[in-house]
Amino acid sequence: MSFWDCVQRAMDDPDVAMNREHGERAQAMWSELADAYERQGYTRHNAEALAAEDVKTAFKRQNAEQRHVWIAQISAMRRNEARLLKSKRLETVVTDALEHAANSTNREASLIGQQRALVRQFHHKLRSVIRHHSRDLLGNVRDPAKLRNVVRELHGESTGDHAAYALADAVRQSFEDMRLMFNEAGGIIGKLENWGLPHRHNRLALRKAGFDDWAAEIAPRIAWDKMEDHVTGRPLAEPGDAPAPDVQQRVLREVYGNVVFGKFDPDQMSAPRGESLWRRRSHERVLPFRSADDWIAYNKRFGSGDPFASIIGHAHTMARDIALIRTFGPDPIRGYETFVALAMQRAKEFGNAQLASKIEGSADHGRRMLNIYRGSLVPAGPMQQAIATFMSTTRHVLTAALLDRAVIAAVSDTNSMRMAAKAVGMNSENVLSRHVKLMADQMSREEAARAGWIADTLADPGLALSRFQSEVPPAEFAERLSSGVLRIQGLAHWTDQARTAFQMEFAGLMAANAGKSLSEVQPELRGLLQDKGITDAEWQAFTAPETLFTAGNGATFASPIHWREVTDMPSAQADDLFLRIQAMIEEQTEFAVPTNSTWARAFIEGAMPPGSIGYELAKSGLMFKSFAMTFTVNQVRRTLAQQSLPQRIAYGLDLAAGATITGALGLQLYELASGNDPRDMTQPEFWAASALRGGAFGIMGDMVDSASKPYRGLGEFAAGPMLGLGQDVANLTGDAMSGDGAEFAEKSLRFVNRYLPGGDLPLAGLALDRMFLDQLMMTIDPEAMDALMKQARKRPNAPRGSWWMPGSPAPQRAPDLTAVLPNK
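Numbered as in our numbering, the sequence shown ends at 810 without a single skipped number.
In structure tokens:
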């Protein structure tokens, strides 16, 4: 009797409780496998026997996997039920689970807080690779030859380069830690030896090549014997061998369809797709390469990143996916919808229809947040992909042209750092002095790195850019250009050290409270810890003397990253405690040095795919407003979190006063960088402008400031600089067609001066203007000097004088700093 007949008899026997759907699936699987074995040369009898064993193995494996996954999914549901019961803000509980708000009573770490905590932990694990191979100012990876040796070592190839071997071992161990953490959370990734690096497929390149060319390129490069059959768990081929051509085609067609068509692949609609996160992450390692050279060759033609980008990108996506599973379970979308349903059920129990309506609105907003967070919105087709890439590239170039003095605006961080420090009970002067020390002292930065704080932009050059905008991937040159301009002017360094300074002082505050019971801990810190459900026993374990980091000067820090490495607490328990505490710190750091708010972005993004008209209009209107939106959202939330109306007023006044002072400093630095003397600080309009510039009124201040400038206006502020660029290009095209060569040349120079990437870098941009562009303009038009002076005098609230006059190839004098307080 064949296996098929045995299963059929069991299904037909009323005394045997066999699921007919499972039985029919087993029969279909057995028939397919038996035919495949027979095609490989086995006799029919042996083929059927091998197929029967494979089916039994597959069902045993599936049952074990499903049990693991369902336990994790139920655990996530139970945690979210507890979150609902403890929440005092049921109307926003679903979005609070995604991103921390100042007035939330979130007893669990938020999704984004966990993701940022994991990114910081993974950066620390990869610190040696980041230190040796981070990008330089031009966006090139340092020491590419050694990095290629690292790739070879990761593929199990001995290079004789001991340094590369050590770096590869660090990467291998870090990836293994990520795999184990992912599996602990509820995912399933099997262990592979010397599997190399993850590959980031270039969707456009695959689509352009077509399946046949792509398959011909990749098939001989794959180590088929390292690939496992997802049904049986067995290798697809014997060592050094390859499976039958039809098996290769089936596997490659599935991979190609997944990359090119995504979840809408028409060839895969009837097949089990494994779209849940727990299985998809395992599938992404489905193509191990035969050698490092094969990986490098494939990545050059069909990849979208170099080895360093692949290493860091894998760490970041693993951090994202681990946080998703921990928050909503192995099937995050289903887990989120279950959470929403539980909240709605809670509102129904209260009989509160208005509350249910608010929860429903919050849930819709949360779905858009999840779309942004997961990066699940992709262009729908080739045309949308081309539009999205072109528009993103243009916005990156505009960023390089118009944000070349962004470091001056970043002075406002000192005020938000001060306010955030006070809110958690830290000494704000210590935070600011720590920032200055880290900016200036390499030794201090190295000690911070030993304690776990790696400069974020060393691993991710786009972090500084994300403070102002977040984009789909542009052309590579544009990404290098925009991030390079922000790094050259020092914004990346400023942001890195500001965030590190805040986190170090936070760790110092916790170390200062070590040895105390939780009830004795400083009130502000105790409240934060209790909001994350930290118990007294957990606090004692976290601040045990042997787990504190001791600096060279004897100062101690309760660094969660250092603690996670030295604690002997069981792994799962230690991960949970680490994530709650580090996520708490990350959430507070976002108040201190704002970078990006998914909650704010979801009002504009998250519903339309990139490349669509609505998405591109929204992105263009949002350009350079991410910081203002995040700052405004953070401070409104923190103001409302104060316990009484007088406290809210006091907080708002303190914030406004500090913002006005930092705005005044920013204005004066901007004038000096423009070749002007500082402005008169005795005039009321100066302080009004300072309040707007410093962020005292958030995004509303930016709108008022824009409306007061006739050359820009509120309309361009709302539409974004893409509108201004379009108008300038149209005007320039009209001038070119008019036939007036001299006027066209002059206006072309003005266009270049406005849109030259990096053309207004502090001091360097001024020198370029005066020594080259002004001279060239006067050569073209001898009367240009009068125009330059007239334009300078028309500037609103112009300073009293200029220390480097327009049109002059050299400064006339030093800046007159006494202009800030002129004699009456």
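For every residue, glycine included, the Cβ atom is placed at its ideal position computed from N, Cα and C.
Item, Value
"Please go through the same chain and pick out, in chain order, the residues whose beta-carbon is closer than 7 Å to the beta-carbon of T646, but skip the five residues on each side of it.", "W673, S676, A677, G680 and A682"
"Measuring alpha carbon to alpha carbon, tell me which of T553, I520 and L608 ends up nearest M570.", "I520"
"In this structure, does DSSP put G649 in helix, strand or coil?", "helix"
"Go ahead and label Q559 buried or exposed: buried means 16 or more other beta carbons lie within 10 angstroms of its beta carbon, across all protein chains shown.", "exposed"
"By Cβ distance, which residues of its chain are closer than 7 Å to E139, with the 5 residues on each side in sequence left out?", "T145, A150, Y151 and A154"
"Within 10 angstroms of the Cβ of T804, are there 16 or more other Cβ atoms? Answer buried if so, exposed if not.", "exposed"
"Using CA atoms only, rank isn't needed, just tell me which of A484, T765, A396 and S398 is closest to W439.", "A484"
"Examine the Cβ distances between the stretch 358 to 378 and the stretch 585 to 602 and report whether three or more of them are shorter than 8 Å.", "yes"
"Spatial neighbours of L125 within its chain, please: C-beta separation below 6 Å, excluding the five flanking residues on both sides.", "It is worth fixing the name first, because residue 125 is Gly in this sequence and not Leu. Contacts found: R466 and G470."
"Terminal residues of the continuous alpha helix (DSSP H) containing W(-10)?", "F(-11) to D(-2)"
"For Q(-6), which residues from the same chain have a beta carbon less than 6 Å from its beta carbon, with the 5 sequence-adjacent residues on both sides left out?", "none"
"In the DSSP assignment, find the unbroken alpha helix (DSSP H) run with S676 in it and report its ends.", "P670 to R679"
"Quick one: residues in its chain with C-beta nearer than 6 Å to the C-beta of L444, no 5 flanking neighbours on either side, listed in chain order?", "I116 and S120"
"To the nearest whole angstrom, what separates the beta carbons of E214 and G176, a pair I think is in contact under 8 Å?", "7 Å"
"So A572 and R102 are supposed to be a Cβ contact under 8 Å. How far apart are they, rounded?", "The displayed chain sequence assigns Glu, not Ala, to residue 572. The pair is a contact, with the Cβ atoms about 4 Å apart (cut-off 8 Å)."
"To test your reading of the DSSP string, which unbroken alpha helix (DSSP H) runs of 4 or more residues are found completely within the stretch 114 to 180?", "130 to 140 and 148 to 171"
"Can you tell me which of T575, L363 and D232 puts its alpha carbon nearest to the alpha carbon of D399?", "T575"
"If we count the other Cβ atoms within 10 Å of its Cβ and call it buried at 16 or more, is D772 buried or exposed?", "exposed"
"Which residues in the same chain have their Cβ closer than 6 Å to the Cβ of K249, if we skip the five residues on either side of it in sequence?", "Residue confidence is low: K249 scores 46 on pLDDT, short of 50, so the model does not pin down where it sits. No coordinate-derived value is stated."
"Please state the DSSP three-state secondary structure of T521.", "coil"
"So, using beta-carbon positions, are W210 and A228 closer together than 7 Å?", "yes"
"Between the alpha carbons of G787 and P801, how many angstroms are there, rounded?", "9 Å"
"Pull up the distance between the alpha-carbon of D317 and that of Q59, whole angstroms please.", "7 Å"
"Helix, strand or coil for G289? Go by DSSP, reduced to three states.", "strand"
"Is P509 helix, strand or coil by DSSP?", "helix"
"Is V80 near A309, with beta carbons less than 7 Å apart?", "no"
"On a CA-only basis, which of V579, Q654 and G243 is nearest L477? Give me that one, please.", "V579"
"In terms of residue numbering, what span does the alpha helix (DSSP H) encompassing L608 cover?", "I599 to L608"
"As a quick exercise: from D(-2), A37 and R25, pick the residue whose alpha carbon is nearest that of W16.", "A37"
"For T668, is the classification buried or exposed, using 16 other Cβ atoms within 10 angstroms of its Cβ as the cut-off for buried?", "exposed"
"Can you find a CB in chain D that lies within less than 7 Å of the CB of I319?", "As a matter of chain content, chain D is missing from the structure shown, which is built from one protein chain."
"Is P531 helix, strand or coil by DSSP?", "helix"
"Could you tell me the alpha carbon to alpha carbon distance between T536 and G744, rounded to whole angstroms?", "42 Å"
"Find out if the Cβ-Cβ distance for the pair A305, V157 is shorter than 7 Å.", "no"
"Going by DSSP, what residues sit across from H187 in a beta bridge?", "G289"
"Pull the bridge partners of E432 from the DSSP assignment, please.", "DSSP output for E432 lists no bridge partner at all."
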